[in-house]
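2 is the number of the first residue of the sequence shown in our numbering; add one for each residue after it. Okay, structure first, notes after.
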Amino acid sequence: MHKTAQLDQRHVWHPFTQMRDWLRREPIVIASGQGAVLRDVRGKKYLDANSSIWTNLHGHQHPKINAAITRQLKKISHSSALGFANEPASLLAERLLTAANTQHKTQSTRLAKVFYSDDGSTALEVALKLAYQFTLRARNKQSQPKFLALDGAYHGDTIGAVSMGHIDLFHKAYSGMLFQTDKVMSPYCYRCPFNRAKPERADARHYRKCNWECVHLVEKKFSAQKKKGNPYAAFVFEPLMQGAAGMIPQADGWLKKVAETARAHGALLIADEVMTGFGRTGKTFACQHQNIQPDFLCLAKGLTGGYLPMAATLTTQSVFNAFLGEYHEFKTFFHGHSFTGNQLGAAASLASLKILQTKRSEQQRARLQQRLHTELQSLWQLPNIGDIRQVGLVAGIELVKNWRTRESFTLRERAGIRVCEAMARRGVLTRPIGNVIPLLPPYCTTPKQMQTMVGALHDAVKEVF
Ligand SMILES: Cc1ncc(COP(=O)(O)O)c(C=O)c1O
Numbered sequence: 002m003h004k005t006a007q008l009d010q011r012h013v014w015h016p017f018t019q020m021r022d023w024l025r026r027e028p029i030v031i032a033s034g035q036g037a038v039l040r041d042v043r044g045k046k047y048l049d050a051n052s053s054i055w056t057n058l059h060g061h062q063h064p065k066i067n068a069a070i071t072r073q074l075k076k077i078s079h080s081s082a083l084g085f086a087n088e089p090a091s092l093l094a095e096r097l098l099t100a101a102n103t104q105h106k107t108q109s110t111r112l113a114k115v116f117y118s119d120d121g122s123t124a125l126e127v128a129l130k131l132a133y134q135f136t137l138r139a140r141n142k143q144s145q146p147k148f149l150a151l152d153g154a155y156h157g158d159t160i161g162a163v164s165m166g167h168i169d170l171f172h173k174a175y176s177g178m179l180f181q182t183d184k185v186m187s188p189y190c191y192r193c194p195f196n197r198a199k200p201e202r203a204d205a206r207h208y209r210k211c212n213w214e215c216v217h218l219v220e221k222k223f224s225a226q227k228k229k230g231n232p233y234a235a236f237v238f239e240p241l242m243q244g245a246a247g248m249i250p251q252a253d254g255w256l257k258k259v260a261e262t263a264r265a266h267g268a269l270l271i272a273d274e275v276m277t278g279f280g281r282t283g284k285t286f287a288c289q290h291q292n293i294q295p296d297f298l299c300l301a302k303g304l305t306g307g308y309l310p311m312a313a314t315l316t317t318q319s320v321f322n323a324f325l326g327e328y329h330e331f332k333t334f335f336h337g338h339s340f341t342g343n344q345l346g347a348a349a350s351l352a353s354l355k356i357l358q359t360k361r362s363e364q365q366r367a368r369l370q371q372r373l374h375t376e377l378q379s380l381w382q383l384p385n386i387g388d389i390r391q392v393g394l395v396a397g398i399e400l401v402k403n404w405r406t407r408e409s410f411t412l413r414e415r416a417g418i419r420v421c422e423a424m425a426r427r428g429v430l431t432r433p434i435g436n437v438i439p440l441l442p443p444y445c446t447t448p449k450q451m452q453t454m455v456g457a458l459h460d461a462v463k464e465v466f
């Protein structure tokens, strides 16, 4: 076994990993990366088919991001945002707000302030705490602010973020530590209980037309809570596609309808764009597909191009104003981290955003998205492919025992894990979500590399089943 693998197995505890399984075999040890390619310590090359857990945008070792970080390194790596400003974080705040406000010109709907933190979870934690305090103040502390989230929601692993999450496998173990949030059905057309999903193959059973039952459930939930005299303070959602729930896209128009319902009931909108942000869905932010302006826009993962841990929570002037007061009134937002506004992260983010906003990157993403769609069609011929879901450059391929019955594999069968292991043997890396195989290629992926990624999935499914 390679000495780094030995060291790892002796000392490192990996996230979301059954360590007994981990210790059974030699792990892949990544030594370097270039573009969409990762290389291990033995020199074997792999395609990074999930962009290193959905973070990387423009590829590894991008010369412009490398140069930006190096330039910043020569000035300073980090100084505290508690008491001091710095240039890259200030510039980045301006650029993020400009990118987020393209459809919103009026003062009342514009996002106006940026609060920095370190990861997706903390971006959500910030939004949650701000929304909580804002609502308490607006409602004169009459009742505890309540939050509504989606079934299958995943917003991170800090306690507030877990409280807003609704995936039993991840969250139930902590139930005693959490505060209660409500959940409402999210659209999962392939397994719609109203039996109205679109037929995925020509000879599939006939489905009736969708009547937006899932939207009506959201409306009912808001009305019921209002009747209790304590309307929801905020509605938290991943726009267009729920990631960790299994790459589940929302039917066109769903987001607009539920956002309008939430607004009509006076709820704040917390958009979690940790996965969908920065061009993943085709536009800079997924909310822009349906002209939604949230009160909180939570960003992380791709913010730095996937180089460094940094996150941002964008919010409105009115939220900001609620925290203004004389020192002795203690209206301050009492929250922050040691690395808030880190210069290296901000320098990487500025470089990444600049690349993202070029015409070339836009065209490259559009072409790649089309290419991904074309390649994915080859999978339909396999009987264990139940559903193929794609939004922009995010795809989730759901494995089933039989596509006609849509019967799921049990988790014990480790179907997703086995397929991903077989893909790794073919030089393609991604990580399953239960029975769903995610593909989120870096934006620099070539057509040939895209073909290899989907081809490896095709062959792995054939091998495993
Ligand atoms: C939508 C969404 N929100 C939040 C998070 C948490 O982000 P992090 O792992 O950076 O804390 C994730 C992570 O996968 C995510 O997909």
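Every residue gets a Cβ at the ideal spot worked out from N, C-alpha and C, and that includes glycine.
- In the displayed model, Glu327 falls within coil according to three-state DSSP, outside both helix and strand.
- Relative to ligand 1, the beta carbon of Gly244 is positioned inside 8 Å of a heavy atom.
- Distance between Asp296 and Glu363, taken at the CA atoms: about 27 Å.
- In the structure shown, Gln378 falls within a helical segment according to DSSP collapsed to helix, strand and coil.
- Looking at Leu373, Ala268 and Ser409, the one whose alpha-carbon comes closest to that of Leu458 is Leu373.
- Taking a 10 Å sphere around the C-beta of Leu24, we find fewer than 16 other C-beta atoms and assign the residue as exposed.
- DSSP, reduced to helix, strand and coil, places Asp158 outside both helices and strands of the structure shown, so it counts as coil.
- Counting every other CB atom within 10 Å of its CB across the protein chains shown gives Arg405 a total below 16, marking it as exposed.
- Within 10 angstroms of the beta-carbon of Lys222 lie 16 or more other beta-carbons, which makes it buried.
- If you draw a 10 Å sphere on the C-beta of Gly177, you find fewer than 16 other C-beta atoms in it, and that means exposed.
- Inclusion of Lys302 in the 8 Å shell around ligand 1 follows from its C-beta lying nearer than that to a non-hydrogen atom of the ligand.
- Nearest C-alpha to Ala352 among Ala68, Tyr444, Ile160 and Gln391: Ala68.
- One Cα belongs to Phe85, the other to Asp273, and the distance between them is close to 28 Å.
- In this structure, His59 sits away from Pro310, with a CB-CB distance that is not shorter than 9 Å.
- For Gly346, the closest alpha carbon among the candidates Ser319, Lys302, Trp213 and Gln371 is that of Lys302.
- Taking the CA atoms as reference points, Ala263 sits about 10 Å from Leu149.
- Contact annotation: the segment 234 to 247 touches the segment 127 to 141, with at least three C-beta pairs closer than 8 Å.
- Among the bridge pairs identified by DSSP, Leu300 is matched with Ala313.
- When C-beta atoms of the segment 103 to 122 are compared with those of the segment 313 to 327, three or more pairs fall below 8 Å, so the two segments count as touching.
- In this structure, Phe340 is the residue among Phe340, Arg426, Pro194 and Asp460 with its C-alpha nearest to the C-alpha of Ser81.
- Here the alpha carbons of Ser122 and Phe135 stand approximately 20 Å from one another.
- Assignment of beta-bridge partners to Val392 by DSSP yields Val395.
- By the Cβ test, the segment 268 to 284 is not in contact with the segment 25 to 43, since fewer than three Cβ pairs between them sit closer than 8 Å.
- Here the alpha carbon of Ser350 sits roughly 21 Å from the alpha carbon of Val395.
- Apart from sequence neighbours up to five positions away, the residues of its chain that approach Lys258 with a beta-carbon distance below 6 Å are Val216, ordered along the chain.
- Gly60 is not bridged by DSSP to any residue.
- Secondary structure note for Ala234: it is in no alpha helix (DSSP H), with a DSSP letter that is neither H nor E.
- Thr411 and Thr431 have their C-alpha atoms roughly 20 Å apart.
- Around the Cβ of Pro439, a 10 Å sphere holds 16 or more other Cβ atoms; the residue is buried.
- When the beta-carbon positions are compared, His172 and Leu151 stay at least 9 Å from each other.
- Note: Gly34 is bridge-paired with Leu39 in the DSSP secondary-structure output.
- Separation of Ile386 and Pro28 (C-alpha to C-alpha, rounded to the nearest whole angstrom) is 28 Å.
- When Ser379, Gly283 and Pro64 are compared, the shortest CA-CA separation from Arg368 is found for Gly283.
- Judged by DSSP secondary structure, Ser118 falls within the beta strand (DSSP E) whose first and last residues are Leu112 to Ser118.
- If you look at Asp273, you'll find it in the beta strand (DSSP E) that goes Leu269 to Asp273.
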